[in-house]
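In our numbering, the protein residues as written are -18 to 200. Glycine is no exception: its CB is placed at the ideal position from the N, C-alpha and C atoms. The next block holds one structure in the form of structure tokens; read it before the comments.
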């Protein structure tokens, strides 16, 4: 029997571009957030936020922004800046959280620069920048985090990315790489945390493998 709903307290997950930014089993992150919220006694619901004006973003507690191939990222690039950026920033300022994985992580930063030197501006919600690398990072990752109150201080996942992401002074690392490459393969950082925003390269899916992080997001 599931947990009783606590006074119909609602918990809303907003999935950004589920039709395009949904690679490497990202749906598992959504299912984990919804189910664990229910187990915490919350009335969980999902809002899918595709291209075009989004009217329900102000009701979202946690946004999920998954990964996609370069083609898919190009398809959402203008929409993200025109229809989502301002509402996302307003929601975060009001206490909403964002979990962004891989491509979503890169697009929340300042820019992504291709191997040919072409630069695509992100929306600057994370103080990070990403440049294409020559070699793809593929493999298992173990990260030690610094989040207070989590049951475990490690995260595990699978990385598959060619981008090299570097943190600016406004962002902190999600964790220290114990195994794998992480953000760039050189400074032992993985992911970024800035206020209510978490960016990471950890697939897996991430939250089914790390339910303690899901609980941290749910609060």
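Exercise. Who are the near neighbours of residue 159 in its chain, counting only those whose CB is closer than 6 Å to its CB and skipping five residues on each side?
Worked result: As a first step, residue 159 must be located in the chain shown, where it is residue number 178. Result list for residue 159: 123, 125, in chain order.
Exercise. Can you tell me the Cα-Cα spacing of residue 179 and residue 61, whole angstroms?
Worked result: Along the chain shown, one-based indexing puts residue 179 at 198. Along the chain shown, one-based indexing puts residue 61 at 80. The alpha-carbon atoms of residue 179 and residue 61 are separated by roughly 18 Å.
Exercise. Just how far apart, CA to CA, sit residue 205 and residue 112?
Worked result: There is no way to answer for residue 205, as the model of the chain reaches only from -18 to 200.
Exercise. Any heavy atom of the ligand SAM within a distance shorter than 6 Å of the CB on residue 150?
Worked result: In terms of ligand content, the structure shown is empty, and the ligand SAM therefore cannot be addressed.
Exercise. Taking just the CA atoms, how far does residue 0 sit from residue 73?
Worked result: Here residue 73 refers to the residue found at position 92 when the chain shown is read from its first residue. Here residue 0 refers to the residue found at position 19 when the chain shown is read from its first residue. Cα atoms of residue 73 and residue 0: separation of roughly 23 Å, rounded to the nearest angstrom.
Exercise. In angstroms, rounded to a whole number, what distance separates the CA positions of residue 109 and residue 149?
Worked result: The sequence position of residue 109 within the chain shown is 128, counting from 1. The sequence position of residue 149 within the chain shown is 168, counting from 1. Cα to Cα, residue 109 sits roughly 5 Å from residue 149.
Problem set entry | Collapsed DSSP secondary structure at residue 79 in the structure displayed | Looking up residue 79 in the chain shown gives position 98. Reduced to three states, the DSSP call for residue 79 is strand.
Problem set entry | C-beta contact flag for residue 36 and residue 195 at 7 Å | Working through the chain shown from its first residue, we reach residue 36 at position 55. Working through the chain shown from its first residue, we reach residue 195 at position 214. Contact: no.
For this session: Within the same chain, show all residues whose beta-carbon is closer than 6 Å to that of residue 25, passing over the 5 residues directly before and after it, in chain order.
Result: For the purposes of this step, residue 25 is taken as the residue at position 44 of the chain shown. Around residue 25: -8, 15, 18, 19.
Exercise. CA-CA distance, residue 186 and residue 10?
Worked result: As a first step, residue 186 must be located in the chain shown, where it is residue number 205. As a first step, residue 10 must be located in the chain shown, where it is residue number 29. Roughly 6 Å between the two C-alpha positions.
Exercise. Can you name the start and end residues of the beta strand (DSSP E) that residue 117 belongs to?
Worked result: Mapped onto the chain shown, residue 117 falls at position 136. 109 to 126 is the span of the beta strand (DSSP E), which, as asked, contains residue 117.
For this session: Using alpha carbons as the reference points, say which of 5, 172, 191, -10 lies closest to residue 89.
Result: Looking up residue 89 in the chain shown gives position 108. Closest by alpha carbon: 172.
Exercise. Considering residue 193, what are the terminal residues of the alpha helix (DSSP H) in which it resides?
Worked result: Taking the chain shown and counting its residues from 1, one reaches residue 193 at position 212. Element bounds for residue 193: 192 to 199.
For this session: Give me the Cα-Cα distance between residue 63 and residue 189, rounded to the nearest whole angstrom.
Result: Here residue 63 refers to the residue found at position 82 when the chain shown is read from its first residue. Here residue 189 refers to the residue found at position 208 when the chain shown is read from its first residue. Answer to the nearest angstrom: the Cα atoms are 32 Å apart.
For this session: Using only alpha-carbon positions, find the residue among 138, 103, 140 that is nearest to residue 59.
Result: Here residue 59 refers to the residue found at position 78 when the chain shown is read from its first residue. Closest option to residue 59, Cα to Cα, is 103.
Problem set entry | Backbone secondary structure at residue 25 - three-state DSSP | Here residue 25 is taken as the residue at index 44 of the chain shown, counted from 1. Reduced to three states, the DSSP call for residue 25 is strand.
For this session: Enumerate, from N- to C-terminal direction, the unbroken beta strand (DSSP E) stretches of 3 or more residues contained entirely within the region -4 to 56.
Result: 24 to 30, 43 to 46
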